[in-house]
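Residue numbers (this note's numbering), protein chains in the order written: chain B, 111 to 752; chain U, 277 to 548.
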């Protein structure tokens, strides 16, 4: 597998501008002759599709939801980072870059992260121009708030619904292009294969979820922005439909999958309540600006109501362990600290399977200081959501929170141009691996999605198309398309034909139990080896005993789930294998064998690289390749937030 | 009236009778009745529906198709009429955020899809809401090409104006307003988008054009007219108020009058 990062030469600060100046262009009159396929309509997908259409390319965009406005970017609550330095608190592009690369525990590609910090300021300008109603100060200027892992206030927000407002901005730009006929939008379509001709990505195969029709689409380039794989854990903060299928299908066609073991566990989610739970709900990290995290000092107090535990019997463990960042310690660190106190038996809330898995997030100090009305203005919708789910009023008693799977830093391997190792396959947003290393800082996912979609892919995809030329596009009559459609049809028939006894959800839950216990917040060699064996057995059981009800020619949610679970089973094995072979701890990847008194212990000499996995065939373990991470201007240091 | 204990401490459960709409594409639909036991009160309404579907799979029967995705009240995909009320009995809450503690043991719950001419049923509880997308495509945007945006803080927007725009922008496009309206009117949805964009300084250049185009498309899509029943406001999960409809009417009237008087009589040379 050839892994050329294609990082431009020159000082970090000049790389992107120099590179842009060298990228080739397609003349405006020729642009309409090229067809660009964009899969996914979240921040990266919508922004990219709208941008390509504005430039004059023919664009087709696909999403599995009933409208592009529903992609899961919409659920991001807290905000988006940008190095505007509006608060005069010493922020700069370089500082945002440094925070992000340190936040990622020095496992991200330096040049990509610098570019992300550079274009962050353009994103805010673009969104404001589209009418995104960011929070404002009375004087009319944009307001900011603080987020984890930073000592400056650089996060822009729209109440607790920043992702919604940014996505609606991108959706409106996309809608305008659909209305103009420049983008053809295909909703309720799921990408089930990537089509390669002479080693280049030239189209996709989709299934129309309403009619069951399997169709193929030819293009000059394919841009995949289909999000992350958090649902491999079954319970996560992802939407129910989020899946790994599009990226995994591309992987099976030869695309390298990088760092699948880098998964983010978000510290502030509502704890699990029972067996039939289908998802976990995030409480925005912004709450940690005003909420204080604590558990009782004594195990004996854990069953008592919070109000009966006196101040001196409370352990504000984040403030105690990380005094300079306190409750705003980065996500991986805050999550592990919560797990640690719960493992010590000091958790709070309901006992499930013999353990109380929860810590308090307490607003009483902030309410005393600022008043309930102010807290309501800042976080009202989050408090309402908490009450809907738990039946508890967080103005009167502390919230209970516990870490949950939230985001995945790993993804398809891409070079500096966001092109995978398959020519013509570009990958944007959470679906690629490039910017967050082993841990993502809060308010950086929205930034990356829009950076890729608005400000990176339009340049790099144009450059690729200029090189393809005008004779390059095949038709769907090519044998490669026919073969791919046949394979997809056979797989659908196979799933329907098993006719066993256990539902797709049964397998999804069983998969999630294995991955969460063995490849979740803490991992070790024996556990991971066991997980791989268990997942292989579960995969075998799935193909022998799954029961998929419904027919292939109508809306068939069970068939959709079965196909996604089948890919998650293969993917889960690869994720555990990646965790097993990375014999160090870094960011969200915590191997209990490699630690310094609870803090992650990196091994830069051996593991300062991205691990990239290559598909080796059905039932085979994938092969591991590496892309060394070269740091030109960053000094690797132990990541400390103390 | 809840009773029964499950495995977890303090957890109570319900036994329910469910009347759920069953419909295949192109065929008239009907209600199916199912009993469902041991539903934890901590479960969400959609988790209850998952339990029903798992029970159906065990019996070898087809599951009920329904739309849902984020399950945290923001994507706008979930769409069930519960006991005659879009998104169920609680104000300001989507179906996915409705929890079973709001129901009683032994209760009969009727579950239907959105009922509206502009939203045809796809299967069971899932409907086609693409008419909403068409309205947005007609004018629900501010034209702002990538690469030409000015510095963000050059446009001052007072907090009061920004907050008012945000109140309207919170609409999740679920369609409960249409489903709750006797006329099947989409005025609350269209009004919310018009208010979000028409109030902001960036939205002024296209204000009239946007309003006329969106209303025209709304009418063509088969939505009814507003006759001030107010059901939309009562069932909107984001608590958007009738206020936005009044402002939509104002902006529409303003745009029509301006359109009428703005013609110079000179023949159009194209270029819009």
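Idealized CB from N, CA, C, for every residue including glycine. As the structure is a prediction and not an experimental result, all values here were calculated from the model.
| Check | Outcome |
| --- | --- |
| Over what stretch of residues does the beta strand (DSSP E) that includes residue 510/B continue unbroken? | 509 to 518 |
| Let me see if you follow: with CB-CB separation under 8 Å, is residue 318/U close to chain B or not? | yes |
| As a quick exercise: from 579/B, 589/B, 414/B, pick the residue whose alpha carbon is nearest that of residue 508/B. | 414/B |
| Ignore the nearest five residues each way along the sequence and tell me which others in residue 440/U's own chain have a CB closer than 7 Å to its CB. | 475 |
| Below 6 Å CB to CB, which residues in the same chain sit around residue 595/B once its five sequence neighbours on both sides are set aside? | 315, 324, 326 |
| Please determine if the segment 317 to 329 of chain U and the segment 409 to 424 of chain U are in contact, where contact requires at least 3 C-beta pairs separated by less than 8 Å. | no |
| Of all Cβ atoms in chain B, is any one closer than 8 Å to the Cβ of residue 393/U? | no |
| Can you check whether the C-beta of residue 385/U is within less than 8 Å of a C-beta belonging to chain B? | no |
| Quick one: what's got a C-beta closer than 8 Å to residue 185/B's C-beta in the same chain, skipping five residues either side? | 273, 274, 347, 349, 392 |
| Within 8 Å, do at least three Cβ pairs link the segment 722 to 736 of chain B to the segment 462 to 470 of chain B? | no |
| Does the structure place the segment 388 to 395 of chain U close enough to the segment 202 to 214 of chain B that three or more beta carbon pairs sit under 8 Å? | no |
| Of all the CB atoms in chain U, is at least one closer than 8 Å to the CB of residue 406/B? | no |
| List, from N- to C-terminal side, the beta strand (DSSP E) runs of 3 residues or more that fit wholly inside the segment 357 to 412 of chain U. | 384 to 388, 397 to 399 |
| Any residues in the segment 602 to 618 of chain B with a beta carbon nearer than 7 Å to a beta carbon of chain U? Which ones, in chain order? | 613, 615 |
| How long is the line joining the alpha carbons of residue 593/B and residue 136/B, rounded to whole angstroms? | 32 Å |
| Over what stretch of residues does the alpha helix (DSSP H) that includes residue 540/U continue unbroken? | Careful: residue 540/U lies outside any alpha helix (DSSP H) and carries neither H nor E. |
| When the distance is taken between beta carbons, is residue 399/U closer than 8 Å to residue 467/U? | no |
| Give a yes or no on whether 8 Å exceeds the smallest Cβ distance from residue 199/B to chain U. | no |
| Between residue 548/U and chain B, is there a C-beta pair that is closer than 8 Å? | Unreliable placement is indicated for residue 548/U, whose pLDDT of 49 sits below 50; no coordinate value is reported for it. |
| Which same chain residues end up closer than 6 Å to residue 358/B when comparing Cβ atoms and leaving out the 5 residues on each side of it in sequence? | 677, 681 |
| Could you name the residues of chain U that residue 489/B contacts, counting a contact when the two beta carbons are closer than 9 Å? | Neighbours of residue 489/B on chain U: none; closest Cβ ~15 Å, over 9 Å. |
| In this structure, how does DSSP classify residue 145/B when only helix, strand and coil are distinguished? | strand |
| Once you ignore the five residues that flank residue 611/B on each side, which residues in its own chain have a CB closer than 8 Å to its CB? | 655, 657 |
| Shorter than 8 Å from the beta carbon of residue 559/B to some beta carbon of chain U? | no |
| Which word fits residue 283/U, buried or exposed, when buried means at least 16 other C-beta atoms lie within 10 angstroms of its C-beta? | For residue 283/U, the predicted model reports a pLDDT of 41, less than 50, meaning its position is unreliable; a value from the coordinates is still stated below. The residue in question, residue 283/U, is exposed, as its Cβ has fewer than 16 Cβ neighbours within 10 Å. |
| Determine whether the Cβ of residue 277/U lies closer than 8 Å to any Cβ atom of chain B. | Since pLDDT at residue 277/U reaches only 33, below the 50 mark, its modelled position is unreliable, and the value read off the structure follows with that caveat. Taking Cβ atoms only, chain B never reaches closer than 8 Å to residue 277/U, which makes this a no. |
| In chain order, what residues of the same chain have a beta carbon less than 6 Å from the beta carbon of residue 455/B, not counting five sequence neighbours either side? | 409 |
| How is residue 424/B classed by DSSP in three states: helix, strand or coil? | strand |
| Three Cβ pairs or more, each shorter than 8 Å: is that satisfied between the segment 523 to 531 of chain B and the segment 370 to 377 of chain B? | no |
| Compare the beta carbon distance of residue 327/U and residue 343/U with 8 Å and say whether it is the shorter of the two. | no |
| Excluding the five sequence neighbours on either side, which residues of its own chain have a C-beta within less than 7 Å of the C-beta of residue 141/B, listed in chain order? | 165, 166, 167 |
| According to DSSP, simplified to helix, strand and coil, what is residue 278/U? | Summary for residue 278/U: the model assigns pLDDT 38, below 50, so the residue's position carries little reliability, and this model does not support an answer. |
| Please confirm whether residue 523/U has its beta-carbon closer than 8 Å to some beta-carbon of chain B. | no |
| Within the 8 Å Cβ cut-off, does residue 657/B reach chain U? | yes |
| Measure the alpha-carbon distance for residue 564/B versus residue 158/B and round it to whole angstroms. | 6 Å |
| Below 7 Å, is the gap between the Cβ of residue 468/U and the nearest heavy atom of the ligand GDP? | As for the ligand GDP, it is missing from this structure, which has no ligand bound. |
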